[in-house]
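Novice: With our numbering, the residue at position 142 of the sequence shown is 128, and numbering never jumps.
In this text, a Cβ means the ideal position worked out from N, Cα and C, and glycines have one as well.
Quick one: the structure is below, questions incoming.
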Amino acid sequence: MSPFSLEGRTALVTGARRGIGAAIAAGYAAAGAELILMARDAALEDTLEAIKQNGGGDASVVIADFADPAAVEAAATELARSTRIDILVNNAGTIRRAPAAETTTADWQHVIDVNLNSTWAVTRPIGAAMAERRTGKIVTIASLLSFQGGITVPAYTASKHAVAGLTRALANEWGPAGVQVNAIAPGYISTDNTTELRADPDREAAIRQRIPAGHWGRPEDVVGAAVFLASPAADYVNGHVLAVDGGWLAR
-13 MSPFSLEGRT ALVTGARRGI GAAIAAGYAA AGAELILMAR DAALEDTLEA
37 IKQNGGGDAS VVIADFADPA AVEAAATELA RSTRIDILVN NAGTIRRAPA
87 AETTTADWQH VIDVNLNSTW AVTRPIGAAM AERRTGKIVT IASLLSFQGG
137 ITVPAYTASK HAVAGLTRAL ANEWGPAGVQ VNAIAPGYIS TDNTTELRAD
187 PDREAAIRQR IPAGHWGRPE DVVGAAVFLA SPAADYVNGH VLAVDGGWLA
237 R
């Protein structure tokens, strides 16, 4: 069997309705995994079809609003009790853009709840069950703003720095129990979260010109790293934040 195979594994992917989460779900299906999708609503037809087109079966769907960490924790706790989850991908996330002085407490809290508190709410029960079984893979979608400050996205930056720290903390705790906890920091990817940037000609050009690859990434560009970190090939990779950025951080 290929060291990159996910045959016989069950993967839970959050925020799989579109973008990076949908691409990872389809990529995992192609690698042989069974899929469980957790999303805020059931509008997952495109993702479910992509899973089937990539050789996957019928994926299960769990509905939970990531702006409500308590509801997410309840859903994740029930999944941890009822289902053996071998791979967890924390992809659900959001962004709200405004200068720091104009960022409301409500906007700050919303971003922190979705990006950080709900990531913790899923990871704690699922990861604890993995540690008890002494095997498992956790992959969290971080960001270039896990390393940098960004502009007009204070809550997003804070949440993504925290996600990188949480990745390292859990790797230290659960690594001895056979659970590898890593993160991926995508670069500038063409998704809903970057629509506003791509619509601004000056900002889009400035970003693109800094990327050594010379172009924005696609959600599919993140899939190889996500498969690797979930596979036996990454059994000795732990606590790492892997940049998939076209070379942005090297510039």
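Is the beta carbon of Pro205 closer than 9 Å to that of Asp45?
Specialist: Indexing the sequence shown from 1 puts residue 45 at position 59. Indexing the sequence shown from 1 puts residue 205 at position 219. What sits at residue 45 in the sequence shown is Ala, not Asp. No; because the gap between Cβ atoms is not below 9 Å, this pair is not in contact.
Novice: According to the neighbour-count rule (16 or more other Cβ atoms, all chains shown, within 10 Å of its Cβ), is Pro(-11) buried or exposed?
Specialist: Taking the first residue of the sequence shown as 1, we reach residue -11 at position 3. By the neighbour-count rule (16 or more Cβ atoms within 10 Å), Pro(-11) is not buried but exposed.
Novice: Let me confirm a value: Asp99 is counted as buried when at least 16 other C-beta atoms fall within 10 Å, else exposed. Which label applies?
Specialist: As a position in the sequence shown, residue 99 is number 113, starting the count at 1. So Asp99 ends up on the buried side.
Novice: Give me the DSSP bridge partner(s) of Asn76.
Specialist: Here residue 76 refers to the residue found at position 90 of the sequence shown. DSSP, once it has assigned bridges, lists Thr126 as partnering Asn76.
Novice: Using only alpha-carbon positions, find the residue among Val230, Thr0, Asp231 and Leu215 that is nearest to Asn224.
Specialist: Here the question's residue 224 lines up with position 238 in the sequence shown. Out of Val230, Thr0, Asp231 and Leu215, Leu215 has the C-alpha closest to the C-alpha of Asn224.
Novice: Kindly list the residues whose CB is nearer than 6 Å to the CB of Gly13, restricted to its own chain and excluding five residues on each side of it in sequence; keep chain order.
Specialist: Along the sequence shown, read from residue 1 onward, the residue named residue 13 stands at position 27. Excluding positions up to five away in sequence, the list reads Val209 and Val213.
Novice: How would you write the range of the alpha helix (DSSP H) that Ser46 sits in, first residue to last?
Specialist: Start at 1 with the first residue of the sequence shown, and residue 46 comes out as number 60. No alpha helix (DSSP H) contains Ser46, which is instead part of the beta strand (DSSP E) from Ser46 to Ile49.
Novice: Nearest-angstrom Cα distance between Arg82 and Met(-13)?
Specialist: If you number the sequence shown from 1, residue 82 lands on position 96. If you number the sequence shown from 1, residue -13 lands on position 1. Approximately 43 Å, taken between the alpha carbons.
Novice: Evaluate the contact criterion for the segment 102 to 121 versus the segment 179 to 193: three or more CB pairs, one atom per stretch, below 8 Å.
Specialist: No, they do not touch.
Novice: Tell whether a beta-carbon distance below 9 Å holds between Thr0 and Asn101.
Specialist: Within the sequence shown, residue 0 is the residue found at index 14, counting from 1. Within the sequence shown, residue 101 is the residue found at index 115, counting from 1. The answer is no: Cβ separation not under 9 Å.
Novice: State the DSSP-derived secondary structure class of Met116, mapped to helix, strand or coil.
Specialist: Here residue 116 corresponds to residue number 130 of the sequence shown, with the count starting at 1. Three-state result, Met116: helix.
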